[in-house]
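> For the protein sequence lines, the chains are A, B, C and D, in the order given.
The numbering used here applies: residue 7 is where the first sequence begins, and numbers increase by one.
The numbering used here applies: residue 7 is where the second sequence begins, and numbers increase by one.
The numbering used here applies: residue 7 is where the third sequence begins, and numbers increase by one.
The numbering used here applies: residue 7 is where the fourth sequence begins, and numbers increase by one.
Think of the CB as a built atom: it goes at the ideal place given N, C-alpha and C, for glycine as much as any other residue.
Number of protein chains: 4
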Amino acid sequence: MRKVYSLQIQYPEQTREFDSRLTKTGRRSLSHSISHSSTDSNSSGGSDAENPEEEVSPRDMQQMNSKGSRDFCIKNIKLADFGRREIELAEDEMTALMALRKAAQGEKPLAGAKIVGCTHVTAQTAVLFETLVVLGAQCRWAACNIYSTQDEVAAALAEQAFPVFAWKGESEDDFWWCIDRCVNVEGWEPNMILDDGGDMTHWIYKKYPHLFKKVKGIVEESITGIHRLHHLSKAGKLCVPAINVNDSVTKQKFDNLYCCRESILDSLKKTADIMFGGKQVVVCGYGEVGKGCSAALKAMGSVVYVTEIDPICALQACMDGFRLTKLGDVVRQVDMVITCTGNKNVVVREHMDLMKNGCVVCNMGRSNTEIDVSSLRTPELVWQHVRAQVDHIIWPDGRRIVLLAEGRVLNLSSSTVPIYVLSITATTQALALIELFNAPEGRYKQDVYLLPKKLDEYVASLHLHTFDAHLTELTDEQAKYMGLSKNGPFKPSYYR
Amino acid sequence: MRKVYSLQIQYPEQTREFDSRLTKTGRRSLSHSISHSSTDSNSSGGSDAENPEEEVSPRDMQQMNSKGSRDFCIKNIKLADFGRREIELAEDEMTALMALRKAAQGEKPLAGAKIVGCTHVTAQTAVLFETLVVLGAQCRWAACNIYSTQDEVAAALAEQAFPVFAWKGESEDDFWWCIDRCVNVEGWEPNMILDDGGDMTHWIYKKYPHLFKKVKGIVEESITGIHRLHHLSKAGKLCVPAINVNDSVTKQKFDNLYCCRESILDSLKKTADIMFGGKQVVVCGYGEVGKGCSAALKAMGSVVYVTEIDPICALQACMDGFRLTKLGDVVRQVDMVITCTGNKNVVVREHMDLMKNGCVVCNMGRSNTEIDVSSLRTPELVWQHVRAQVDHIIWPDGRRIVLLAEGRVLNLSSSTVPIYVLSITATTQALALIELFNAPEGRYKQDVYLLPKKLDEYVASLHLHTFDAHLTELTDEQAKYMGLSKNGPFKPSYYR
Amino acid sequence: MRKVYSLQIQYPEQTREFDSRLTKTGRRSLSHSISHSSTDSNSSGGSDAENPEEEVSPRDMQQMNSKGSRDFCIKNIKLADFGRREIELAEDEMTALMALRKAAQGEKPLAGAKIVGCTHVTAQTAVLFETLVVLGAQCRWAACNIYSTQDEVAAALAEQAFPVFAWKGESEDDFWWCIDRCVNVEGWEPNMILDDGGDMTHWIYKKYPHLFKKVKGIVEESITGIHRLHHLSKAGKLCVPAINVNDSVTKQKFDNLYCCRESILDSLKKTADIMFGGKQVVVCGYGEVGKGCSAALKAMGSVVYVTEIDPICALQACMDGFRLTKLGDVVRQVDMVITCTGNKNVVVREHMDLMKNGCVVCNMGRSNTEIDVSSLRTPELVWQHVRAQVDHIIWPDGRRIVLLAEGRVLNLSSSTVPIYVLSITATTQALALIELFNAPEGRYKQDVYLLPKKLDEYVASLHLHTFDAHLTELTDEQAKYMGLSKNGPFKPSYYR
Amino acid sequence: MRKVYSLQIQYPEQTREFDSRLTKTGRRSLSHSISHSSTDSNSSGGSDAENPEEEVSPRDMQQMNSKGSRDFCIKNIKLADFGRREIELAEDEMTALMALRKAAQGEKPLAGAKIVGCTHVTAQTAVLFETLVVLGAQCRWAACNIYSTQDEVAAALAEQAFPVFAWKGESEDDFWWCIDRCVNVEGWEPNMILDDGGDMTHWIYKKYPHLFKKVKGIVEESITGIHRLHHLSKAGKLCVPAINVNDSVTKQKFDNLYCCRESILDSLKKTADIMFGGKQVVVCGYGEVGKGCSAALKAMGSVVYVTEIDPICALQACMDGFRLTKLGDVVRQVDMVITCTGNKNVVVREHMDLMKNGCVVCNMGRSNTEIDVSSLRTPELVWQHVRAQVDHIIWPDGRRIVLLAEGRVLNLSSSTVPIYVLSITATTQALALIELFNAPEGRYKQDVYLLPKKLDEYVASLHLHTFDAHLTELTDEQAKYMGLSKNGPFKPSYYR
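#1: Indicate the three-state DSSP secondary structure (helix, strand or coil) for C265 of chain A in the structure shown.
#2: Cutting at 8 Å between CB atoms, please list the residues of its own chain near D186 of chain A, excluding the five before and the five after it.
#3: Helix, strand or coil: which one does DSSP assign to R146 of chain C?
#4: If we require 4 or more residues per run, which alpha helix (DSSP H) segments fall completely within the stretch 416-463 of chain B?
#5: Please confirm whether A320 of chain C has its beta-carbon closer than 9 Å to some beta-carbon of chain A.
#6: What residues in its chain sit with their C-beta under 8 Å from that of I15 of chain A, if we drop five residues either side in the sequence?
#7: Counting only beta-carbon separations shorter than 9 Å, does M488 of chain D have a partner in chain B?
#8: Show which residues of chain C have a CB atom less than 9 Å away from the CB atom of T422 of chain D.
#9: Opposite V310 of chain C in the DSSP bridges: which residues?
#10: Please look up how many angstroms separate the CB atoms of V225 of chain B and V246 of chain B, rounded, as I've assumed it's under 8 Å.
#11: Name the chain C residues whose beta carbon is nearer than 8 Å to that of Y264 of chain A?
#12: What are the boundary residues of the alpha helix (DSSP H) that K120 of chain B is part of?
#13: So which residues on chain A does V288 of chain D lean against when the C-beta distance must stay under 9 Å?
#14: With L303 of chain B and V310 of chain B assumed to form a contact (beta carbons below 8 Å), what rounded beta-carbon distance in angstroms separates them?
#15: State the Cα-Cα distance for the pair R414 of chain D and A466 of chain C, rounded to the nearest angstrom.
#16: Could you check what DSSP says for T384 of chain B in three-state terms: helix, strand or coil?
#17: Kindly give me the distance between the Cβ atoms of R107 of chain D and V140 of chain D, rounded to whole angstroms, as I take these residues to be in contact under 8 Å.
#18: DSSP beta-bridge partners for C79 of chain D?
#19: According to DSSP, N104 of chain D sits in a beta bridge with which residue or residues?
#20: Find the residues of chain B that neighbour A305 of chain A, judging by a C-beta separation of less than 7 Å, and give them in chain order.
#21: For the alpha helix (DSSP H) containing C184 of chain A, list its first residue and its last residue.
#22: Can you check whether the CB of V396 of chain D is closer than 9 Å to the CB of L409 of chain D?
#23: Which residue spans inside the stretch 328-400 of chain D form an unbroken beta strand (DSSP E) run of at least 3?
#24: Using the rule of at least 16 other Cβ atoms within 10 Å of the residue's Cβ for burial, across every protein chain shown, is G242 of chain A buried or exposed?
#25: Report the rounded CA-to-CA distance for K285 of chain A versus G327 of chain D, giving the unit in angstroms.
#26: Residues in the same chain with beta-carbon distance under 7 Å from P495 of chain A, minus the five sequence neighbours each way, listed in chain order, please.
#27: When the Cβ atoms of the stretch 99-106 of chain C are set against those of the stretch 426-437 of chain C, are three or more pairs found closer than 8 Å?
#28: In chain order, what residues of the same chain have a beta carbon less than 7 Å from the beta carbon of K114 of chain B, not counting five sequence neighbours either side?
#29: Can you pull the chain B neighbours of G283 of chain C, defined as C-beta to C-beta under 9 Å?
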């Protein structure tokens, strides 16, 4: 039940973009496992989930919370108590957001903000939305994914009179209907957009473009959504500022280096159940993801080879103690091939024809293009589905390779997103909303911005508490000597 | 489906020993996951498994293999083809045994051996037993665990006229009946015992003690079984030599250091789903298991503290870069407590009363005594079962600790045994049988022996191939200079 | 003999800048040890070196090389053979420059270039200058440091009719005279400047500003020189483009992360002779230098604490497994304090008053300001000079701290610069000269530029050969997919 | 001045043994660098050292300490104050011995002991001898090496009326005369021997065998001395018990694993000045020394290959992430070859003929036999002595290899012994003396013993203080459960 489902909707002009959703961004759709298990036990308890054909659509139900409000559309309001417990557990873990609530509560920096949100609806994002409310905002919220909603969490929000429109198992029509219900309400003119995938933004552009006059900005988290915003921007059609929260330094480091360092091991254990010690592995690409994977496997006693196209990254691989090689030169001898390039056709049929029996092939990069899986769908090769995420591809001579997740991003398929990453993302989103809402006229143009360095640093600082970590403060004298403000930013904006 | 089941049989005089079965030894009962999944898919296909009450006992069935033999008792002979595929996959992985077949096939070192075996019945052990046959032995085989038999593997053996008596879900009575069927057959006098847990040995002692006149030796793998043999030996009742294969250097290093280095990460991810980076952890005990756990967590970016009672191990912890501390001194600040001591009451209620909210507590040591779990079963604490292997214990103030596997050995409960360890065990068993069967009169007395150093080295050498590793051979001159034989042993017997 | 001497010249208006020369840049003044030892044995052979007062100044000598040329001024032309051997040894090590000679020799990209150089005069820089000549340039060369010249290398160049003006032990007057002799020659109008410290540039600005009309650009390596250029640029006085080769990605990574990872260990062993295992260390600052130092000490078994002011770097320290703390919180318990901040007064008297007996204090940062050494020069403290680079400061209670290099940058004082770093610097300088000389009109304005990403990558690629490292080349299809040229640059210019 | 000098005395029957002194044991002759530098500055001050031919032998001098005693023979009593400072500095570092003084002072466990000692005479050993006196012993002391005496330390002891007979630069005749003066004194019958190399024991056997009636035991530290004792024992001539302090677990771990982990880096930097990052290295032998070297180089970013003859060690190398290979298979490509086998002719001419230009060859093993250096002394190869410990061997084609320390043990030649190892050795010696002196009749026979496990553990525990390390104590219940005494020993005697 840890799979990330892609949006299965097909409509002509956007097929490509929806395909590309199965990207790293997708990871955020995984709610933390505690919540998940609860969901599971819950849904397995409900017979509805088991017999979808008999189900009454939430759109056809008449539900009301205990305060008499009907401004929501969810699966089952009765799940509210259970969902509230989920949210409370998540609050324990989202310490940065809770600290932000405390720090900014007095000044209500979002007073007057009317936010329409379209993200996954989980216990963690619920903590985010309730934080926005604490900080003064009004919100309406739909799901960005038809499968990822935790119904009990939605119920808990609805019970608190939070207008939420989302359930697990929406149809395509439901999906857009829910989004519309966030925007198109009498007496409500949203002035901020919190988006994850660009669908809310797309919908407003398409249906209610006039609303953009009031909108102060868009905060977008997914690569796909950012891609769409840049597209708009290039075409001169972006009419409000947007902040790209995906590429903040803090988020990037965690998403790529630190998470992959752990999830490569986790994912390989869960799928191929391989012992790492003594194994020969080739890691294709030595960016942050490749660095994380290589370091983890080296630490576990694997012999790691690295391939690279960029001489600077290549030199780093050398200095970190990895043999830099071409894939073709080691592919016969290695026990695993891991792609982390973001490129296409990095592992092709010619390579796979040379692999030794039992070689594991998987992808930790950004898309499902790195391994040319289609080249394996030929008559002479036998595919044997061994278990979830694992296929054996058998050559006529009996030799088999072990293909994981059919070449899709492995840790999206088989690992959970650490709560820490969810927390960084949510905190960044909150700060980006505050920044855009309060920015003086002229600070932001109609363009796509990175999170200002100072806010990026603030997100990081809110997360240090978990580690019982204590920052040193500059003295006045030191700040002057360095030409820095005592509160940062401490590095130039390009610093990574 | 990765749980290790302990034998649930209760009979007065052996309760304690059967309890202690949930030890590290138990890990071998886990078959490798590939086989496992197949088993699962298979059994879920069969309606028998689902409706146990309707099931006909194998003892009441009349089955015959394609060659007309009926000398076996298993669940379903029709599963033979499927089981054969499992065995063939396992052969691919048990390269050391396959190499041994080739190396020793000509000389048939087990010609004349009549072996009764009582071990888990899985694809991997099937490769062992078929190897024994290739080397000249006759065998009869029962399961050492009432739940661990892979029925399709048993079928494949039966189809090859291998006398096997085992099925998944035996009753206690079935269990001893199967063992008896291995021993008590007309015209069959076993002269070797391959045991795992000591039940076969126990049965023969109890029922057919006269057989020991012909028995050349016992090969025992489990800690429990070895404990029983030492008990017999001390009481002067051991009447044949026995080899303890559990404590071979090769097996020990893999079981403890190398496996735990990987399984601590794997187990924690699967259960607590914790991010390791930046977490503070205290590892209690710095033996091989503690060394493996500490090294792995340090490599993943945790801050690791170590506790020890032995100053020599303590000094090693210091030199390896760990702060040596008492548990009480850091228990308030750490995010995880991992016991690896083999001792009892290492973590007690007083410690747990001080832990911070969310602290994870688990045991990687040898028994379920290290954490005083019973002290948590008091009225003021609430237990919340979150998912398999995970309980939250909630204090009156709302603080919760996360207890894994109820204090039992974590990686036995939540991780698989690497095939590599199964291979080392099986190869060691085969060599120990050959050694005892062929040893000249007088080499072994009626005592419990460790595997001779030279054979231990041979087991290691058979496993180097997997890593494409090439040993250097001593020249004559070098061997003379070192006072060594060119074929080993290369170290004194006490060398670890 | 590994000390870096600062320029001892005092003249009012530039005191500050000359002081700051004892910076990381200074490291390049250390010639590689092979050359050094040779120098030593050579100079100890010559009586001149021993009796400086009797020495005849090179300016007063009449020397001629074997071809009859007198256009040079050096210590002793007879040392030429010996110097040539030094240069040949250096050529073996400067493989990137030798590869560049081969790659670019045909096209003579520096044909027409008239370069005046002012750098250290060592075997390694000689390989650079002779490379420039091979690529078509004419050069005249003076030393940028009055102590660092290898006289035998200067002789070897002079013997090849290379106009070099440099000797070990120049006076201030000699220093400027030598520079002048590079510029002020009849029939010679330099059109490129290769500078290290900014003195050549300064001299031309002051004395021959008209020459700038012909000058195509300046290549500057030192932090001091770059600082001066930026100063000129801000003041609108920079009248030609300049390339800052100090801040190339490749050079920075090597200078800071990779070198410091090794030199922290080397320097501590050479000075304090400390055992690292089990020691508690606090590293102040977690930039590249701090990362290198922390990683190395952790690998050697030290327990490392980190202090930071920047939350993003702080979070990285946490994820890398270091306790983030304030200096004051651990200063009582640590065995070593290492500063890597680039800031001032990071370790002050209050800290040192609390340190335990034997605590080692040293600086790996950018200047000599990080440790407030002046606060230790008070009557109640006794300074005991134990050996080169090591002072014991003794408190009235007998407690002593071990101060290394009097708080100056430790590895500049006690470690050699790896040849690899010298090679990267020299190759970068050569490519920057080629770039500026051949750049089409308008590509560079009158400003200070970083090395273009593509050249940075080229420098890296020229150094991969040493590691027998093989780059992967993009296929056409892949390059298109990524939107990259097959020859790079592969990353945006801000990528680090 | 960090060289270890071997005893240059030649006498027929012992040549071999004296040769073998240049073994790891020799390292203890290196006094800690602080003392060393002091010595140096001191001796360079005295003109005697500079003009040995004019020197008056200490044997011909009439010296008296301030208390009127003349029972000593040293270089110069006037150096006493200076030497006392050295000893006091050493006391700061020998915390374990100082703790032992405190712990055992009351009971005077050596009251009645009359110890003749023959070890290096340095500040550290002085702390040992003064500890013995504090614990009740009377001592007389000679040097075990004609070059290693610190004259100022000897003076400080003499000033305290400690009978010491040692100076730097003894002749062979002096050497034995000094030893004789320890033994052959009226009214003095030694009952304990503390030896380092076996010369004191040898002398007593040869000249005063009757003394052995009173001798309670011998404590010997060097491999050579232990070899001699075993020789005596086998020949049935050993007439008192002896304890081998060299092979205590604590000492071995430090001498081999922990020291070599640091000294391989230190030694290579000091000699070859190589950068480790990205270099390919082959480490021959994966015992403790090989493990230390491999781990350190891997941590510094080298790519490490390992060769082994023992499959168990080989498998460990694999699991630790090293490619196991034969030397011949990688010798063409590596940048360094390091021997750690204890064997002979591990690197032979055939290997060296294949090495690439600049390959560094060195030995960290136990003797000077591992590299066949003699095979390089052929006419076609040119030896070029580059600096201390470094020779270039140049092949006719210009290719050169870099041979360190002429194949002798590298870290003995170029690194200092950490004070920590000296402290462990001295503490072990003291405890061994106490044990033998107080052992009840019959505990020890006329044989060579290892240090009892419990004392080995005690040595370790005395050293934990330095690391601020806190041992956990067993509860009564735990001790009973484990079948252990609360005070240890905690492991079986064979545990390493």
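In short, the structure shows the following:
#1: C265 of chain A carries a helical assignment under DSSP once its states are collapsed to helix, strand and coil.
#2: Within the same chain, D186 of chain A has close Cβ partners W209, K213.
#3: Here R146 of chain C sits in strand by DSSP.
#4: If we require 4 residues or more, the alpha helix (DSSP H) runs fully inside the stretch 416-463 of chain B come out as 416-420, 425-444.
#5: Yes, its Cβ sits closer than 9 Å to a Cβ of chain A.
#6: Here the model assigns I15 of chain A a pLDDT of 28, short of 50, so the residue's position is not dependable, and the following value carries that caveat. Hits under 8 Å: F24, I152, E178, F181.
#7: Yes, its Cβ sits closer than 9 Å to a Cβ of chain B.
#8: The answer, in chain order, is K275, D279.
#9: BP columns for V310 of chain C point to C:V287.
#10: No, V225 of chain B and V246 of chain B are not in contact; Cβ-Cβ is about 11 Å, not under 8 Å.
#11: The contact set of Y264 of chain A on chain C, defined by CB atoms closer than 8 Å, consists of M325 in chain order.
#12: Note, K120 of chain B: premise wrong, no alpha helix (DSSP H); beta strand (DSSP E) at 120-125.
#13: Close partners of V288 of chain D in chain A (Cβ separation under 9 Å) are lacking, with about 14 Å as the shortest Cβ gap.
#14: About 5 Å separates the two Cβ atoms, so the contact holds.
#15: Looking at the backbone, the Cα of R414 of chain D and that of A466 of chain C are separated by about 37 Å.
#16: Of the three classes helix, strand and coil, the one that applies to T384 of chain B here is coil, per DSSP.
#17: Contact holds; Cβ gap of about 5 Å.
#18: Looking at the DSSP assignment, C79 of chain D forms a beta bridge with D:F171.
#19: Here residue 104 of chain D is Met; the residue named in the question, Asn, does not match the sequence. Looking at the DSSP assignment, M104 of chain D forms no beta bridge with any residue, so it has no partner.
#20: Going along chain B in sequence order, the residues near A305 of chain A (Cβ under 7 Å) are A305.
#21: First-last of the alpha helix (DSSP H) with C184 of chain A: 178-189.
#22: It is a contact, given that the beta carbons lie within the stated cut-off.
#23: Whole beta strand (DSSP E) segments, 3+ residues: 342-345, 366-369, 388-393, 396-400.
#24: Counting other Cβ atoms within 10 Å of its Cβ, G242 of chain A stays below 16 and is therefore classed as exposed.
#25: Between K285 of chain A and G327 of chain D, the C-alpha separation is close to 8 Å.
#26: Excluding positions up to five away in sequence, the list reads K459, K460, E463.
#27: Because the criterion of three Cβ pairs below 8 Å is met, the stretch 99-106 of chain C and the stretch 426-437 of chain C touch.
#28: Hits under 7 Å: L141, G142.
#29: By Cβ distance, chain B contributes C324, M325, D326, G327.
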